[in-house]
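A short worksheet on the structure shown next.
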Amino acid sequence: MTRLTIDPITRLEGHGKIEIFLDDHGDVERTYFQVPELRGFESFCVGRPVEEMPTLTNRICGVCPEAHHLAAAKAADAVYGVDPPRPAKLLRELLYCAFFVTDHTTHFYALGGPDVIVGPDAPIADRNILGVIRKVGLEFGSRVIETRRGGHRVIELIGGRRVHPCTSVPGGLTKGITPDERDEIEGIARSMLDFAGVSLDTFDRVMTDGPTRDLVLGDLFRHETYYAGLVDDEGRVALYDGRVRVVAPDGERLGTYAPAEYRDWIAEHVEPWTYLTFPYLRQIGWKGFVDGKDSGVYCVGPLGRLNTATGMATPRAQEAYERYFATLAPPVDGRRQLVHQRGASHWARLIEMLYAAERMLELLADPDITSDDVRTVTTQTPTEGVGTVEAPRGTLTHHYWTDERGILTKVNLIVGTTNNHAPIAMSIDRAARGLIRAGVVVDNGLLDRIEMAFRSYDPCFGCATHSLPGHMPLEVTIRNVQGDTIDVLRRDD
Amino acid sequence: MSANGRHRFAMYWAASCGGCDISVINLHDAILDLAEHFDIVFWPAIMDAKYADVEAMPDGSIDLTLFSGGIRNTENAELARLLRRKSNILVAFGSCATEGCIPGLANLTTTGALLDLVYEGPTMDNPDHVRPVSRTIVPEGELHLPALGALLQTLDQIVEVDYRVPGCPPETERIAEVLGLFDAALDGKATLPIRGSVLGAGHSTVCDECRRDRGIKHITQFTRLQELPPLDPGLCLLEQGIPCNGPATRDGCGAKCPLAGAPCIGCYGPADGVVDFGARLLSAFASVVDASEPAEIDRILDGLPDPVGQFYRFSLAGSLLRGSRAVRTSTAPAPAIQGAGR
Chain A
1042 MTRLTIDPIT
1052 RLEGHGKIEI
1062 FLDDHGDVER
1072 TYFQVPELRG
1082 FESFCVGRPV
1092 EEMPTLTNRI
1102 CGVCPEAHHL
1112 AAAKAADAVY
1122 GVDPPRPAKL
1132 LRELLYCAFF
1142 VTDHTTHFYA
1152 LGGPDVIVGP
1162 DAPIADRNIL
1172 GVIRKVGLEF
1182 GSRVIETRRG
1192 GHRVIELIGG
1202 RRVHPCTSVP
1212 GGLTKGITPD
1222 ERDEIEGIAR
1232 SMLDFAGVSL
1242 DTFDRVMTDG
1252 PTRDLVLGDL
1262 FRHETYYAGL
1272 VDDEGRVALY
1282 DGRVRVVAPD
1292 GERLGTYAPA
1302 EYRDWIAEHV
1312 EPWTYLTFPY
1322 LRQIGWKGFV
1332 DGKDSGVYCV
1342 GPLGRLNTAT
1352 GMATPRAQEA
1362 YERYFATLAP
1372 PVDGRRQLVH
1382 QRGASHWARL
1392 IEMLYAAERM
1402 LELLADPDIT
1412 SDDVRTVTTQ
1422 TPTEGVGTVE
1432 APRGTLTHHY
1442 WTDERGILTK
1452 VNLIVGTTNN
1462 HAPIAMSIDR
1472 AARGLIRAGV
1482 VVDNGLLDRI
1492 EMAFRSYDPC
1502 FGCATHSLPG
1512 HMPLEVTIRN
1522 VQGDTIDVLR
1532 RDD
Chain B
32 MSANGRHRFA
42 MYWAASCGGC
52 DISVINLHDA
62 ILDLAEHFDI
72 VFWPAIMDAK
82 YADVEAMPDG
92 SIDLTLFSGG
102 IRNTENAELA
112 RLLRRKSNIL
122 VAFGSCATEG
132 CIPGLANLTT
142 TGALLDLVYE
152 GPTMDNPDHV
162 RPVSRTIVPE
172 GELHLPALGA
182 LLQTLDQIVE
192 VDYRVPGCPP
202 ETERIAEVLG
212 LFDAALDGKA
222 TLPIRGSVLG
232 AGHSTVCDEC
242 RRDRGIKHIT
252 QFTRLQELPP
262 LDPGLCLLEQ
272 GIPCNGPATR
282 DGCGAKCPLA
292 GAPCIGCYGP
302 ADGVVDFGAR
312 LLSAFASVVD
322 ASEPAEIDRI
332 LDGLPDPVGQ
342 FYRFSLAGSL
352 LRGSRAVRTS
362 TAPAPAIQGA
372 GR
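Chains A and B, in that order, are what the protein sequence lines are.
The numbering used here puts the first sequence at residues 1042 to 1534.
The numbering used here puts the second sequence at residues 32 to 373.
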């Protein structure tokens, strides 16, 4: 049997590693995706006061600290059984929507989007932010930078800092915003809304290219899995708060649950060859790395959210949502179909960007947004609580148990990218099988396809290892049966 | 220096969250200036990381390397040694590399106990008590994982470090100043401070740049923020009974957290002349406790529910408490800069 090792060039960074075993015919026997690192926040957060969790768990990930900050704050609210005042909830959601626009912008223009905008067949040297700027124009490139700058300004105004915000505490926030700050944020939000609209137009334009269309619509990374995501009372996509809905691959609704019930729905499978676990749907069961209705594997993130919801809560995003489904998954015999192509995540992400910008303006129009009433004093004895938000990369759950002083005795975390761990492994396997057949020479095309498989999920192994989304530089070592290296392929730039 | 006259720049993350890289990327359009003055030869966050290329570089050929993240496994340590060898100036960048940061709290337990908690968690379906191991036999062959070290270590516990930039993460404006200083120094137009110095921060404490009013502090009890009614927006948080780490923490961040109504958590590390952050903070707290009877002092200190977390939240791995470390102060001259002044 022949073994192929795909190690990040950064294998000494230990961010991710793929082992492909070939059978005697030279076909793929089995692919293993390994995450070789662990920091163990569940362990060393025990003993800490629960009010510190929003700032301690920020440090899980510098790319999406806002998601951990707010999931932790909501879990801490629940530990004390305290309901933050309405203005605090509006402000947290406002910060969160600004973060979503910022994070999705980073992914679409700098990380995963170049595959779509510049095209999957463009030279690898052009498939980066510089290639994107060449394609969309320098002026638009500077708007990408402006949007990120504006997003971080909003995060600083509400969260106190640009990276690792500090203002969310049990019961609400440590501060509100002034009318002047509200006006500044509104200016940023208007610019973000315009930017999101232009981004969707750009996507439409590049989608007319054959190779890009194939990448988005094609079946290379199509997996018929379950999907999960937060929805509001009317079943529409929710980012900061809601109930978790799960749908089957055929669109049938498996159920909707309150975040505190997550243990009845989600379990985690452990393998000895990777530090990252594989969550699955408890009532369906772990059947291995397979899709279909009998396998408990589920998918989260933009693709999962749009599939589980029945619409978007703002008008322009709703329009875009309808067009997305009409194009990618038109109804069959009047029955709603789901979008299973992983490449469609790029499109779904832009629809969410539009929604988040529209939602910012709704929140800013609320008179409560500048209220000083931003924190409710805790009065109950702390016990246990769950907090769930939709991180850009999927449903994020923090669960805390404390003693009567609010000191943590147990912590459980299920982060966005971890939910997608099994689907990511399956897409890698699909890429390997698609490109390695009966001794066909493995070339850099394999690396490209595997990178695209990663990037459509926008994986944030910052939450598990610490690689920025989509960046998984690769090197393939081909070894013969004796384990000798016979070739090394590297992604060239 | 590269043939085009630019200085050769590298940035690397070991066991980190990526926040340090985001803080550099948040230079926004000023990052184009960085690209004008520096050739970025290695930076996994924004470009393809070609580790083999780093190995192929002559020793000492990278003018400046910013190293973020702690040393959690042997792979992190190997990269630290490699980049030390290849870099003329190696900077411990951010709290993880300088002090261990939050992941350093793992040093309060053993690696085995840490794995037990993670893999026997409430949602784990793990009846056979499986743990990730460094070598697994699967039907198709053998799989390998790097083993975690016994402790999380700081960069200076592994290799010699030239300068330290504190912060979790370092604030973007401070990063701009530091890069400006190195750029000028590499051009021979500025002088670097002695090796081992802290850059990108002040020489005093967060209290000194906090705009909240300070009177004479007399604490009769520490209280947790969530139990108090709205705080006075203009008065020192410590005087309002909130344990704030400002008195022991180096300035340079702009006192952002206390000014946003949240206590300083100490991410900029110890102020000048402080060997051990926790010891200094303990003495700062003790000096404001308004009591003389031991029982009364005990009662007040009982208001701090997690002393080790309070005093060593960011600095445990680099502290005197566990693990050894090199002496941080040095009288050695600044590293020689090849071609400076030309």
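All residues carry an ideal CB built from backbone N, CA and C; glycine is no exception.
From a predicted model like this one, the values you see are computed outputs, not experimental measurements.
Selected residue, minimal CA-CA separation from residue i, among the options
i           : options                                            : result
Leu-269(B)  : Gly-304(B), Gly-283(B), Asp-282(B), Ala-317(B)     : Ala-317(B)
Thr-280(B)  : Thr-167(B), Glu-240(B), Pro-261(B)                 : Glu-240(B)
Pro-1313(A) : Asp-1064(A), Ile-1061(A), Tyr-1073(A)              : Tyr-1073(A)
Cys-1138(A) : Thr-1266(A), Ser-1497(A), Ile-1229(A)              : Ile-1229(A)
Ala-66(B)   : Cys-275(B), Gly-172(B), Ile-328(B), His-38(B)      : His-38(B)
Pro-1356(A) : Thr-1318(A), Leu-1234(A), Cys-1086(A), Arg-1376(A) : Leu-1234(A)
Ala-1299(A) : Val-1288(A), Ala-1289(A), Val-1311(A), Asp-1282(A) : Asp-1282(A)
Close beta carbons around residue i, own chain, < 8 Å, minus the five adjacent residues each side
i           : result
Leu-1135(A) : Val-1195, Ile-1199, Ile-1226, Met-1401, Leu-1404, Leu-1405, Ile-1410
Per-residue burial, residue i [other beta carbons within 10 Å of its own, 16 or more giving buried]
i           : result
Asp-214(B)  : buried
Leu-1280(A) : buried
Ser-346(B)  : buried
Arg-242(B)  : exposed
Arg-1294(A) : exposed
Leu-210(B)  : buried
Lys-287(B)  : buried
Gly-1326(A) : exposed
Val-453(B)  : The requested residue 453(B) is not part of the displayed model; chain B covers only 32 to 373.
His-1145(A) : buried
Ile-1059(A) : buried
Thr-236(B)  : buried
Ser-54(B)   : buried
Ala-34(B)   : exposed
Leu-1395(A) : buried
Ile-93(B)   : buried
Gln-1075(A) : buried
Close-in-space but distant-in-sequence residues of the same chain around residue i (CB under 6 Å, 5 per side omitted)
i           : result
Gly-91(B)   : Asn-119
Gln-1421(A) : Tyr-1121, Gly-1122
His-234(B)  : Asp-303
Lys-1115(A) : Gly-1428
Ile-189(B)  : Ile-102, Ala-108, Ala-111
Pro-1343(A) : Ser-1386, Ala-1389, Arg-1390, Glu-1393
Thr-1098(A) : His-1109, Ala-1113
Ala-1301(A) : Val-1427
Gly-1212(A) : Val-1123, Pro-1125, Arg-1416, Thr-1417, Thr-1419
Val-1278(A) : Arg-1346, Ala-1350, Met-1353
Ala-216(B)  : Leu-223
Glu-1054(A) : Caution applies to Glu-1054(A), whose pLDDT of 32 falls short of 50 and renders its modelled position unreliable; the value that the coordinates give is listed next. Result list for Glu-1054(A): empty, nothing under 6 Å.
Residue i: first and last residue of the uninterrupted beta strand (DSSP E) it sits in
i           : result
Glu-1445(A) : Premise fails: Glu-1445(A) is in no beta strand (DSSP E) and is neither H nor E.
Leu-97(B)   : 93-99
Gln-188(B)  : It is not in any beta strand (DSSP E) - Gln-188(B) carries neither H nor E in the DSSP assignment.
Glu-993(A)  : The first residue shown for chain A is 1042 and the last is 1534, placing residue 993(A) beyond what the model contains.
Pro-1320(A) : 1319-1322
Ile-71(B)   : 69-73
First through last residue of the alpha helix (DSSP H) which encompasses residue i
i           : result
Ala-1237(A) : 1220-1247
Leu-145(B)  : 142-150
Arg-1263(A) : Looking at the DSSP string, Arg-1263(A) is not in any alpha helix (DSSP H), and its letter there is neither H nor E.
Test item: CB-CB of residue i and residue j under 9 Å
i           : j           : result
Cys-298(B)  : Cys-199(B)  : yes
Phe-253(B)  : Leu-312(B)  : no
Ile-1455(A) : Leu-1476(A) : no
Ala-1479(A) : Gly-1457(A) : no
Ala-128(B)  : Thr-185(B)  : yes
Glu-1309(A) : Asn-157(B)  : yes
Asp-1444(A) : Pro-1423(A) : yes
Leu-420(B)  : Gly-340(B)  : In the structure as shown, chain B begins at 32 and stops at 373. Residue 420(B) is therefore absent and cannot be evaluated.
Pro-1290(A) : Gly-1333(A) : yes
Pro-264(B)  : Gly-277(B)  : no
Ala-41(B)   : Thr-1215(A) : no
7 Å CB neighbourhood of residue i in its chain, flanking five on each side removed
i           : result
Leu-352(B)  : Tyr-343
Asp-193(B)  : Ile-120, Leu-121, Val-122, Arg-226, Pro-366
Ser-1412(A) : Pro-1128, Gly-1217
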